[in-house]
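*Asks:* Before anything else, here's the structure in question.
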Amino acid sequence: MSRRLSPRARKSWIVVHVVVSVGWLALMLCLLTLGATALTTDDADTLRTAYRAMGMLGDALIVPLSLLTLLSGVVLSLGTPWGLFRHYWVATKFWLTLAATAASVFALTARLHDAVHAVARHPTGSIAAMHLGVIRYNTVIVPSVALLLYLSIVVLSVFKPWGRRATDDRVRVGCR
Ligand code: HEM
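Under our numbering, the letters of the sequence shown match residues 1 to 176, in that order.
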């Protein structure tokens, strides 16, 4: 895309981008809170509630937030002088977000469904009777890794380190 966004359109896309991408980060914080609650509780009903809530949040939000983050990021990259592969910080964000989107849509969703199905099979009874195995750890580890990744992407976004890629000599007009 060689055309640039107007200042108003650029600001509007930045609003969308920041809301959905930081919303994605906040979703991981919520999943981590619920996963940690399920890991540490002795109460089977608390654990069931936590896993059901994780399933609902995941099903409703993972796909729209991850795809909108990617879409708004690509629009801002191509519609501004930043470019998609012109600066290391943007290219790094792009590849990290692409990997995070794939991991969220496939791996994280699958781990959440494991938890939801495990409690659905045991609507009553103790935690031990559910034979949860690694599910209790996965539902903490996966959101923790995702949270650390998104926090580093926020740092990249604000500090914009490493400068331009050597292959591109265009002037940095309009970059902040
Ligand atoms: C979890 C993923 C992401 C997070 C948390 C995130 C976060 C942010 C934040 C907080 C800003 C505002 C920074 C500022 O104005 O100083 C920003 C700007 C920006 N982001 Fe992202 N972002 C993500 C993914 C992406 C992706 C995948 C791309 C590109 C493909 C991208 C491209 C950009 C660009 C080009 C800007 C600068 C916009 C401008 O100044 O006009 N972002 N991002």
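Ideal Cβ positions, reconstructed from N, Cα and C, are used throughout, including at glycine.
1) What residues match up with R164 in a beta bridge as DSSP calls it?
2) So what's I127 in DSSP terms, helix, strand or just coil?
3) In the DSSP assignment, find the alpha helix (DSSP H) that holds L148 and state where it starts and stops.
4) May I ask you to verify whether the stretch 115-122 touches the stretch 9-19, counting CB pairs closer than 8 Å and requiring at least 3?
5) Taking the alpha carbon of K11 as the point to measure from, which residue in A44, V63, L61, S77 has its own alpha carbon closest?
6) When you compare the CB positions of S72 and V145, do they come within less than 8 Å of one another, or not?
7) Under three-state DSSP, which class holds V18?
8) Give a yes or no on whether the C-beta atoms belonging to R111 and V142 are separated by under 8 Å.
9) Residues in the same chain with beta-carbon distance under 7 Å from M54, minus the five sequence neighbours each way, listed in chain order, please.
10) Can at least three beta-carbon pairs, one atom from the stretch 94-102 and one from the stretch 149-161, be found at a separation below 8 Å?
11) Assess, as a yes-or-no matter, whether the stretch 61-69 is touched by the stretch 42-51 under the definition of 3 or more beta carbon pairs within less than 8 Å.
*Replies:* By the coordinates alone:
1) As a first step, residue 164 is located in the sequence shown; it is residue number 164 there, counting from the start. Beta-bridge pairing links R164 to H87.
2) On the sequence shown, position 127 is the one that residue 127 refers to. If DSSP states are grouped into helix, strand and coil, I127 belongs with coil.
3) By 1-based counting over the sequence shown, the position of residue 148 is 148. 135-159 is the extent of the alpha helix (DSSP H) around L148.
4) With a cut-off of 8 Å, the stretch 9-19 and the stretch 115-122 do not count as touching, because too few Cβ pairs lie within range.
5) If you number the sequence shown from 1, residue 11 lands on position 11. Distances from the alpha-carbon of K11 to those of A44, V63, L61, S77 put S77 closest.
6) Numbered from 1 along the sequence shown, position 72 holds the residue referred to as residue 72. Numbered from 1 along the sequence shown, position 145 holds the residue referred to as residue 145. Contact: no.
7) Along the sequence shown, one-based indexing puts residue 18 at 18. Helix, per DSSP.
8) What you label residue 111 is simply residue 111 of the sequence shown in a count that begins at 1. What you label residue 142 is simply residue 142 of the sequence shown in a count that begins at 1. Cβ atoms of R111 and V142: closer than 8 Å.
9) Here residue 54 refers to the residue found at position 54 when the sequence shown is read from its first residue. Cβ neighbours of M54 within its own chain (closer than 7 Å, five residues either side excluded): L31, L34, G35, L112, A115, T139.
10) Under the three-pair Cβ rule at 8 Å, the stretch 94-102 counts as touching the stretch 149-161.
11) Segments in contact, no.
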